[in-house]
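Structure first, commentary second.
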Amino acid sequence: MRGRVRAAAGTVAIAVLAGVPGGVDAQLEERIAAVEDGTVRFGYRARPEVEVCEQGVRIGERHLWWRSRYGEDEGRDCRSGYVEVEVRRSGSTVREVELVRDFGPPGSGVVDLGEVEPEAAVEALMTVARGGAGGGDGPEDAVLPAFLADVDDPWPGFLDLARDRAVRTDVRKVTIFWLGQAAADVVSEGLSALAVEDEEDQEIRDAAVFALSQRPVDEAVPALMELARDADQAETRRVALFWLAQADDPRVVAFFEEILLGRTP
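Residue numbers (our numbering): 71 to 335.
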């Protein structure tokens, strides 16, 4: 079984990273593009907290798209430390990017490039995510596999992709979603800025507010309170209030007293 894992919760692609090794990996994008009609497979190191399983993906203690007839830890077929993806191309268009979860050998006709450096994999996936004008799910699909890669400090690149209005909205929303799951302080600041960007579509601002709600509570609650109080857009304030109401934090009660009852906590 080979299942598709997509971040339909609204799945990362990031900007070009420095220091991509020379040699074969430096031409990974060209090697993928050389297969005009077919499927290319490659693998790379995953972040230490990542497990790819037949049932879904685990990142630390979190289960994503976990579907199984077994219990949480019964009958699991999982792999840590390594990710494989298959890129399906039709002409010059990437139609699908699939996270491989059956761990078997590639199917007949699949071009297997073997293991590549994670930086090269992310760069190639970034190209897919940014080049989505031709249609298909490939650009959105490329986001999660890139998010799982073991690269240093990718978050500024994630934020660049999320802010890029030339990128398809679905790809931006998926990137924003995964930013909400990232373990990096810089992410909350970037999401807060995106949530109040006047030139942005409300759909993107709402996605940024939701992503903030998924941050650790000590980051999420103050950021959401600031948006609920000060955002210029009424809809952004409303969405921030909604997600604040879901938070289990004593500061929220005092904040609602301030906002709704005119009291000062």
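Ideal placement from N, C-alpha and C gives every residue a C-beta, glycine not left out.
- [ ] Within 10 angstroms of the Cβ of R235, are there 16 or more other Cβ atoms? Answer buried if so, exposed if not.
- [x] exposed
Task: E296, DSSP secondary structure in three states - done: helix
Task: Rounded straight-line distance, which links the Cα of E189 to that of V221 - done: 6 Å
TODO: Entirely within the stretch 219–255 and at least 4 residues each: give me those alpha helix (DSSP H) ranges in chain order.
DONE: Qualifying alpha helix (DSSP H) stretches, in chain order: 225–233, 239–249.
- [ ] Return the bridge partner residues of R149 from the DSSP annotation.
- [x] V122
TODO: Excluding the 5 residues preceding and the 5 following E322 in the sequence, name in chain order all residues of the same chain whose CB lies nearer than 6 Å to its CB.
DONE: The sequence as given places Val at residue 322; Glu does not occur at that position. Excluding sequence neighbours, V322 sits near L314.
- [ ] Could you give the DSSP three-state label for S160: helix, strand or coil?
- [x] Strand.
Open item on the list: Just to confirm before moving on: does the CB-CB distance between R128 and Y152 stay below 8 Å?
Closed with: The Cβ atoms of R128 and Y152 do not sit closer than 8 Å to each other.
Task: Bounding residues of the alpha helix (DSSP H) (the contiguous stretch that carries F217) - done: Per DSSP, F217 belongs to the alpha helix (DSSP H) from 213–217.
Task: Nearest-angstrom beta carbon gap, V155 and V167 [assumed within contact, 8 Å] - done: The pair is a contact, with the Cβ atoms about 6 Å apart (cut-off 8 Å).
Task: Residue of S258, A277, A324 minimising C-alpha distance to V287 - done: S258
Task: CA-to-CA distance, P176 to R299, given in whole angstroms - done: 53 Å
- [ ] Take A253 as the anchor and find which of G126, E193, E289 has the nearest alpha-carbon.
- [x] E289
- [ ] Please report how far the alpha carbon of E305 lies from the alpha carbon of F312, in whole angstroms.
- [x] 10 Å
TODO: Round the Cβ separation of L183 and R117 to the nearest angstrom and send it over; I've been treating them as touching at under 8 Å.
DONE: That belief does not hold up - the Cβ atoms of L183 and R117 are roughly 21 Å apart, past 8 Å.
Task: Which of helix, strand or coil DSSP assigns to R285 - done: coil
TODO: Give the DSSP-derived three-state secondary structure of A194 in the structure shown.
DONE: helix
- [ ] Give the DSSP bridge partners of T109, in chain order.
- [x] R158
Task: Cβ-Cβ distance between S150 and E121 below 8 Å - done: Yes, the Cβ-Cβ distance between S150 and E121 is below 8 Å.
Task: Same chain, Cβ closer than 8 Å to R285, five either side skipped, listed in chain order - done: G250, V257, S258, L261, A293, listed in sequence order.
Open item on the list: Whole angstroms are fine: how far does the CA of I274 sit from the CA of T239?
Closed with: Using only the alpha carbons, I get a separation of about 8 Å.
Task: Coarse secondary structure for E328, derived from DSSP in three states - done: helix
TODO: Verify the contact flag: L229, CB atom, against every heavy atom of the ligand PLP, threshold strictly below 7 Å.
DONE: Although the ligand PLP was asked about, the structure shown includes no ligands whatsoever.
Open item on the list: Using a 10 Å radius around the Cβ and a threshold of 16 neighbouring Cβ atoms, would you call Q316 buried or exposed?
Closed with: exposed
TODO: For the alpha helix (DSSP H) holding E185, just list the boundary residues, first then last.
DONE: Per DSSP, E185 belongs to no alpha helix (DSSP H); it is in the beta strand (DSSP E), 181–185.
- [ ] Find out if the Cβ-Cβ distance for the pair G126, T163 is shorter than 8 Å.
- [x] no
TODO: Give the C-beta separation of G161 and D107 to the nearest angstrom, bearing in mind that I take them to be a contact with Cβ-Cβ under 8 Å.
DONE: 7 Å
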